[in-house]
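Here's the structure we're looking at; comments come further down.
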Ligand SMILES: NC(=O)c1ccc[n+]([C@@H]2O[C@H](COP(=O)([O-])OP(=O)(O)OC[C@H]3O[C@@H](n4cnc5c(N)ncnc54)[C@H](OP(=O)(O)O)[C@@H]3O)[C@@H](O)[C@H]2O)c1
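In the working numbering, the protein residues as written are 14 to 355.
What follows is the structure in structure tokens.
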């Protein structure tokens, strides 16, 4: 079926300035980490992207390794760009990243210039693009001089292969160092992409959230739903087909009786606010403007629609925030701590 974007796609979405840059991002962005590999029908991928764009989600987040197999999410999105979004490139913010294992040998991961430059070229080819809007260093590399990684980002921007530079899962101290290097080179750091949700608050503990505000760098919080834990899905246990049953990134052991009890308490607070748990989780990440955009994933279009409902109520009372704080300890769910601890 040919697709024409909804005429009213910009009527209700909220757009927020990304740090001190000129770029505004939608309050919700869509990530293609899961559900865009060969394990998902292409029509489902198209429907998810179409639903997002129809509702004003202009930002699509990818990385070299998203799949399975690695690279296939970028290929699928490249196809969607050709069939559905052709003619709309200037309305889209498309990002990619390099940092995790992508090809064998010493040049297929981490933060060397060799890896970042080649990976960016590969991502552009897979998506059929001349440039991405944002290119990220996907994780901190303790063995490569930070100057080399930042110089590579700067050169990628200077070459026109990306419009802006970003980093992901760097801690507050490394972020300050990275921003200083990039600023000296003449490329402002646009954005930081950390994990952040009600059950994973390391960006508050580490001081990263405050640091980003001080530095004028924007932020995009990934896994705002804790990979689905912060939705109605797991309130009565683990349903068939959910991410926790797939043996991928969400460890089913985390969804034990104790956690399920806490999720139900959070769900009660959401219901009292007139929201689904997913909507409250997204609104919580976005509260007080501290985070620019919430980067969700979805396995079906209806989830995107549910999540977008968050923007109807982004404010919290002090009582609501205090009530939420009682139920936010759910064990070790931060899979990305290794990068931010380096
Ligand atoms: N920079 C990094 O290192 C990094 C790491 C991870 C992710 N990311 C980015 O962040 C994006 C989002 O990550 P994520 O997919 O883990 O985020 P998430 O939004 O926390 O979880 C998404 C999952 O939650 C479930 N879900 C979503 N909306 C729902 C709803 N309304 N009702 C019920 N269930 C719902 C779906 O799982 P089911 O499959 O169970 O339906 C969906 O796949 C990624 O695509 C990627 O772009 C970046």
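Ideal placement from N, C-alpha and C gives every residue a C-beta, glycine not left out.
- prompt: Closest to residue 71 by CA distance: which of 79, 160, 108 is it?
  reply: 108
query: Taking contact to mean at least 3 C-beta pairs separated by less than 8 Å, is the stretch 274-289 in contact with the stretch 302-318?
result: no
message: Taking 8 Å as the cut-off, does the stretch 307-318 touch the stretch 262-269 (at least 3 CB pairs, one atom from each stretch)?
response: no
task: For residue 279, name the three-state secondary structure that DSSP assigns.
output: helix
field: residue 95 versus residue 139 - alpha carbon distance
entry: 12 Å
task: Examine the Cβ distances between the stretch 177-196 and the stretch 246-258 and report whether three or more of them are shorter than 8 Å.
output: no
query: Around the C-beta of residue 351, are 16 or more other C-beta atoms found within 10 angstroms, so that it is buried, or is it exposed?
result: exposed
query: residue 284: buried (16+ other C-beta within 10 angstroms of its C-beta) or exposed?
result: exposed
- prompt: Using DSSP with H/G/I as helix, E/B as strand and the rest coil, what is residue 54?
  reply: coil
task: Spell out the partners DSSP gives residue 210 in its beta bridges.
output: 213
query: Would you call the CB atoms of residue 77 and residue 151 closer than 9 Å?
result: yes
query: Does DSSP put residue 27 in a helix, in a strand, or in coil?
result: coil
message: With a threshold of 8 Å on Cβ separation, who are the neighbours of residue 160 within its own chain once the five nearest residues in sequence on each side are excluded?
response: 194
field: Backbone CA spacing between residue 332 and residue 343 [nearest angstrom]
entry: 21 Å
field: residue 81 to residue 89 span [Cα, whole Å]
entry: 11 Å
field: Environment of residue 202 [buried if 16+ CB atoms lie within 10 Å]
entry: buried
CA-to-CA distance, residue 322 to residue 173, given in whole angstroms: 36 Å
message: Our contact map puts residue 257 next to residue 308 with C-beta atoms below 8 Å; I'd like the distance itself, whole angstroms only.
response: That belief does not hold up - the Cβ atoms of residue 257 and residue 308 are roughly 20 Å apart, past 8 Å.
field: residue 128 versus residue 73: straight-line alpha-carbon distance, rounded
entry: 23 Å
- prompt: Whole-angstrom Cβ separation of residue 169 and residue 106, contact assumed at under 8 Å?
  reply: Rounded, the Cβ-Cβ distance is 16 Å, inconsistent with contact.
- request: Please go through the stretch 295-328 and give each complete alpha helix (DSSP H) segment of 4 or more residues, from N-terminal end onward.
  value: 314-321
- prompt: Taking 8 Å as the line, does the beta carbon of residue 178 fall inside it for any heavy atom of ligand 1?
  reply: no
message: What does the alpha-carbon distance come out to for the pair residue 9 and residue 336?
response: Since the first and last residues shown for the chain are 14 and 355, residue 9 lies out of range.
- request: Given a cut-off of 9 Å, decide if residue 222 and residue 208 are closer than it, judged by their beta-carbon atoms.
  value: no
query: Looking only at its own chain, which residues have a Cβ that is under 7 Å from the Cβ of residue 306, when we skip the five neighbours before and after it?
result: 29, 38, 39, 40, 41, 42, 72, 233
- prompt: What residue ranges within the stretch 176-240 form continuous beta strand (DSSP E) runs of no fewer than 3 residues, ordered along the chain?
  reply: 202-206, 231-235
message: Quick check: the Cα distance between residue 157 and residue 238, rounded to an integer number of angstroms?
response: 32 Å
field: Straight-line Cα distance separating residue 83 from residue 55
entry: 16 Å
query: At a cut-off of 8 Å, is residue 236 close to ligand 1 when judged by its beta-carbon and the heavy atoms of the ligand?
result: yes
message: In whole angstroms, give me the CA-to-CA distance for residue 282 and residue 292.
response: 11 Å
query: Measuring CB to CB, does residue 149 end up less than 9 Å from residue 121?
result: no
- request: State the start and end residues of the unbroken alpha helix (DSSP H) segment that holds residue 91.
  value: 85-96
message: Cutting at 6 Å between CB atoms, please list the residues of its own chain near residue 33, excluding the five before and the five after it.
response: 229
Chain-order list of residues whose beta-carbon lies under 6 Å from that of residue 225 (same chain, five-residue window excluded): 205, 232
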